[in-house]
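What follows is a short report on a single structure.
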Ligand SMILES: [Zn+2]
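In my numbering, the protein residues as written are 3 to 442.
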C-alpha cells in the first residue's frame, strides 16, 4: 500500500494526477464568453462557447453546440481569460505592523504552525478570489503548513489555488537569520523556517526530507550568508531534486550568488537584487526564470523610493534582455483593508512603471506562470483536456491591465468559485477527502 501511495504521489508531482475526480463530474457546463483572451497568442476572440465536463475543458469555439441539459453560465458581458499565477508567495506567513513591526522573525515566535496553516487556508481563498488559480508557495511556512494546504485543496476539503510548494527553505546554518548562539543551538529557533545543510551529505538529506514531506519544488538560500553555496553545491541540489522530479529555485540577493546559481543551471531565481544587466543576459541565454518579486511603492512601508526605482529599472532591463519573466510578489504581510489577493494584484503597478506592454504583463501572469510551475500540459491554458480553470473581468486587460483588479468570476476544476463578484464556494467544501485520501 505504501508503494502504491508513493507511486501516486510521484505521478502527482509529475503533473499526471491532477484530477482524479471532480465534484462537477457528469454535469456539462457551457460558458458564453463575450470576449476570450489567449495570452500566449495575445489575441481576443468574440462570443465563444466553452464546454466543461468532469472538471476539464471539452471544447472551445464560436460554433460549439451546447448539449441539452447543460448548465449555461452567461459571461457574454465579460472578458474571459485563464487563471493568474503568483510565482512566489508564502501563504502560511503573514507578518504585520502590530505587534511585530513587520519583523517576521517575531512572527515565527508568536504564531504556531497550526495557526499559520489556518491562515494559509484563508490566504489561499483570498488569492483564488482575486483570480490566482496557481500559487508557488516558496517556504517560510512553519513545519510544512504549505504541504498541508496543498493536500487539503487537492483532496477537496477547501477551495484554493493549485499550490506548488517548497517545504522548508534549505540554507546553510542560520538560514536567512543571524540567530544568537543560545537561540540557535539550545532552542533550535531557526527550525522549522530553515533546514540547515552545510555539507554535501546534508544537502542530499535536506532535499530528500522535503520531498518526503510533500514539497513539489525545492527552495534554497544561495547567498544568505557570505559563504553561501558553491556552483557544485547548487548542482548537487539540482541533481538530487531531479531524482524526485523537482526543480530548484534559489533565493539570490548578490551578483556573486546570481552568477553561481546561473552557472549551475538553476530553474528559477527569486528576487532581483543581484540581477544586473550581465546576469540578465546570462539568464536569457540559459532560459532561467526570473521571479523578481517587484514590490510596488503603493504598498507603503514595504519598499522605499530608492529601492523601488532600482526594482523598476531591473525589471525593465530584464524585459529588454528577453529574460523569461514570471509575476511574483513575495506578498507575505498584512495591509489593513486589503485581502491577500488584492495585495498581490497591486504588484501590476511596478510592471506598468517598468513600461512593459499589457500583453507581456498578462503573459508573465499566465503563460509563463504555467511554465515555471510546469503545469502547461495539465492546468492553465483554456484548452480541451486541461483542468477547467478560468476567470472573467469587466474590462479588457490587454487594453488596461488594471481590469485585473475587478475579477467578477472564478472557476477552478470546473466548479464555480465566484460569480457576479461574490464568492460562492459551497461546492468546494466537503466532510471528507472526496478527491482521494491518498493524495499526498
Ligand atoms: Zn519569499
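Cβ atoms here follow ideal geometry from the backbone N, Cα and C, with glycine treated the same way.
Apart from the five residues on each side of it in sequence, which residues of its chain come closer than 6 Å, Cβ to Cβ, to residue i?
i	result
residue 430	161
residue 231	224
residue 358	321
residue 240	250
residue 46	37, 39
residue 424	none
residue 221	140, 141, 168, 171, 251
residue 106	97
residue 118	94, 144, 147
residue 115	144, 145, 147
Compute the Euclidean distance between the alpha carbons of residue i and residue j, then round it to the nearest angstrom.
i	j	result
residue 427	residue 420	7 Å
residue 225	residue 248	21 Å
residue 26	residue 400	Note that residue 26 scores a pLDDT of 43, beneath 50, so its modelled location is shaky and nothing firm can be said.
residue 435	residue 159	6 Å
residue 410	residue 351	20 Å
residue 165	residue 378	14 Å
residue 173	residue 146	16 Å
residue 472	residue 90	There is no way to answer for residue 472, as the model of the chain reaches only from 3 to 442.
residue 273	residue 111	25 Å
residue 329	residue 76	30 Å
residue 95	residue 319	30 Å
residue 229	residue 129	36 Å
residue 72	residue 34	12 Å
residue 187	residue 376	38 Å
residue 68	residue 405	29 Å
residue 446	residue 143	Summary: the structure shown does not reach residue 446, with the chain confined to residues 3 through 442, and so no result is reported for it.
residue 300	residue 30	43 Å
residue 80	residue 354	23 Å
residue 85	residue 185	43 Å
residue 386	residue 413	15 Å
residue 253	residue 372	20 Å
residue 383	residue 38	12 Å
residue 179	residue 141	14 Å
residue 439	residue 127	21 Å
residue 60	residue 244	33 Å
residue 297	residue 271	16 Å
residue 49	residue 416	20 Å
residue 264	residue 276	11 Å
residue 93	residue 139	6 Å
residue 246	residue 58	27 Å
residue 432	residue 255	43 Å
residue 311	residue 64	45 Å
residue 206	residue 212	10 Å
residue 306	residue 316	15 Å
residue 422	residue 343	17 Å
residue 182	residue 97	21 Å
residue 204	residue 169	16 Å
residue 210	residue 309	37 Å
residue 189	residue 333	28 Å
Could you check which residue in the options has the C-alpha nearest to that of residue i?
i	options	result
residue 196	208, 301, 318	208
residue 104	338, 198, 156	338
residue 36	117, 100, 83, 246	83
residue 214	234, 242, 238	242
residue 167	110, 88, 191	88
residue 381	437, 163, 305	163
residue 70	45, 32, 64, 203	32
residue 40	418, 368, 395	368
residue 55	425, 432, 424, 418	418
residue 235	264, 201, 211	201
residue 99	335, 356, 397	335
So residue i and residue j are in contact, right, with Cβ under 8 Å, and what is the actual spacing, rounded?
i	j	result
residue 341	residue 131	7 Å
residue 281	residue 257	7 Å
residue 219	residue 262	No, residue 219 and residue 262 are not in contact; Cβ-Cβ is about 19 Å, not under 8 Å.
Please list, in chain order, all residues of the same chain as residue i whose beta carbon is under 7 Å from its beta carbon, the five residues on each side excluded.
i	result
residue 278	257
residue 327	292, 320, 321, 366, 370
residue 331	88, 90, 91, 295, 346, 349
residue 177	171, 192, 195, 196, 223, 226
residue 324	286
residue 156	437, 441
residue 407	347
residue 175	198, 200
residue 456	Coverage of the chain is limited to positions 3 through 442, which leaves residue 456 absent and any answer about it impossible.
residue 396	80, 405, 408, 410
Sorted by chain position, which residues of the same chain lie with C-beta nearer than 8 Å to residue i's C-beta, five sequence neighbours on each side aside?
i	result
residue 102	108, 109, 112
residue 237	266, 267
residue 402	360
What do you reckon, is the C-beta of residue i under 8 Å from a heavy atom of ligand 3?
i	result
residue 366	This structure does not include ligand 3; its bound ligands are ligand 1.
* To do: Spell out a yes or no on whether the region 121-130 and the region 140-157 are touching, meaning 3 or more CB-CB pairs, one atom from each, closer than 8 Å.
  => Short answer: they touch.
* To do: Examine the Cβ distances between the region 134-141 and the region 379-395 and report whether three or more of them are shorter than 8 Å.
  => When C-beta atoms of the region 134-141 are compared with those of the region 379-395, three or more pairs fall below 8 Å, so the two segments count as touching.
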